[in-house]
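See below for the structure under consideration.
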Amino acid sequence: MNRKKAILKKSIEFTRRVRAIKITLSFGFAVFSVVGLLIAFNLDALRLSRISVSGARVVSGENISHAAAGALHGSYFYLIPHSNALLYPRERVRVAVTAVSPRIKNVRLRVRGYSTLIVQVLERTPAALWCPAVEQAHCLYLDESGFAFGIAPFFRGDSYLVFTSSRTPAVGFSLMDEGAFAALQSFARSFPVPLVGVTAEEERYTLKTREGYDILVNPQVPFDITRTSVLAALASEALASKLREGKELLYLDARVLGKAFYKLED
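Per the UniProt record's numbering, the very first residue in the sequence shown carries number 1; after that it's consecutive.
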């Protein structure tokens, strides 16, 4: 009986020793693997040492490169460098590059040969102007979404459609909601009467024609109905008769669904 107990005790001790050895070996392997990975991630062969910029036409490529390089400084928990080609902080680099200029619309990143970070930027293109007044300087460029991204030089003629509002134009802000701006711009561009500007307010849009009169538009009325109403009013014999008498057309009010009223000088 005592012999069986002794054998059982030795078996239990042996099992414990085997388990301890396995745990020690597993821990050692884990430590070795982690250290090995850290050494590998710190190899110069995996570090981004060059930055190539493409797509920059107006924005300084040097500033973009500097911003990207700054985002690659530092490390993860003082262990893995941010410049590691496999683990570099993509979103951090995108944010840093986008912050260089409001003109930058989109940023794409890719790595070439584990040593070169290629930064491809897409710049915003002017679609219209946002000005304090239709015939005033100090305007800003608007892209197709209505976002103001840069100061525009003084233009003469009809190079761009001019938008105004009760708000002061400011770089980095939008004139209005993107969908509303796209619809309004499309309506203004396709309008059969030549326009020089549009004043956008919350409850109405004012189209300023090249001939000098205004057209008042209700944003809640479909633009195709407004267009039909305005054209019908302009083609009416009653208005034509007044104009032949030398009266001056001040504005057309098309804010009522399916109707347009005109106002002449007194």
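Glycine residues also receive a C-beta, built at the ideal position from the N, C-alpha and C atoms.
- Judged by DSSP in its simplified three-state form, Gln120 adopts strand.
- Secondary structure remark: continuous beta strand (DSSP E) runs of at least 3 residues inside the segment 145-177, in chain order: 148-151 and 162-165.
- Beyond the five residues adjoining it in sequence on each side, Ala133 comes within less than 8 Å, by CB distance, of Thr164 in the same chain, given in chain order.
- Unbroken alpha helix (DSSP H) runs of no fewer than 4 residues, entirely contained in the segment 67-137, are found at 90-98, following chain order.
- When the five nearest sequence neighbours on each side are left out, the beta carbons in the same chain lying within less than 6 Å of the beta carbon of Leu46 are those of Asn84, Ala85 and Tyr114, in order along the chain.
- Taking 9 Å as the cut-off, the Cβ atoms of Val59 and Arg103 count as close.
- For Arg244, the uninterrupted alpha helix (DSSP H) run begins and ends at Glu237 to Arg244, by DSSP.
- Counting other Cβ atoms within 10 Å of its Cβ, Ser241 stays below 16 and is therefore classed as exposed.
- In the displayed model, Ser54 falls within a strand according to three-state DSSP.
- Contact between the segment 186-195 and the segment 167-175 is not established, with fewer than three Cβ pairs separated by less than 8 Å.
- In this structure, the straight-line span from the alpha carbon of Ala152 to that of Leu140 is close to 5 Å.
- Contact annotation: Ala182 and Glu144 have beta-carbon atoms nearer than 9 Å.
- Contact between the segment 198-212 and the segment 233-247 is absent: fewer than three C-beta pairs spanning the two stretches fall below 8 Å.
- The beta carbon of Ala200 sits closer than 7 Å to the beta carbons of Phe163, Ser165, Leu175, Met176 and Leu184 from its chain, once the five residues preceding and following it are set aside; these are given in chain order.
- DSSP places Asp214 within a strand segment (E or B) once states are collapsed to three.
- The closest CA to that of Lys263, considering only Leu257, Arg255 and Glu248, is found on Glu248.
- Cβ-Cβ distances below 8 Å link Ala233 to Leu239, Leu252, Ala254, Ala260, Phe261 and Tyr262 in the same chain, with the five nearest sequence neighbours on each side left out; the list follows chain order.
- When C-alpha distances from Pro194 are compared across His138, Arg227 and Arg112, the shortest belongs to Arg227.
- Scanning Gln120, Pro89 and Ser101 for the CA closest to the CA of Phe147 turns up Ser101.
- In the structure shown, Asp224 adopts helical secondary structure according to DSSP, grouped into three states.
- As the crow flies, the alpha-carbon of Tyr88 is around 30 Å from that of Thr125.
- Counting along the chain, the unbroken beta strand (DSSP E) around Gly197 starts and ends at Leu195 to Ala200.
- Distances from the alpha-carbon of Tyr78 to those of Leu109, Ala56 and Phe41 put Phe41 closest.
- In the structure shown, Lys247 falls within a coil segment according to DSSP collapsed to helix, strand and coil.
- By the Cβ-count criterion, Ala20 is exposed, with fewer than 16 other Cβ atoms from all chains shown falling within 10 Å of its own Cβ.
- The C-beta distance from Ile64 to Val119 rounds to 6 Å, short enough to meet the 8 Å contact threshold.
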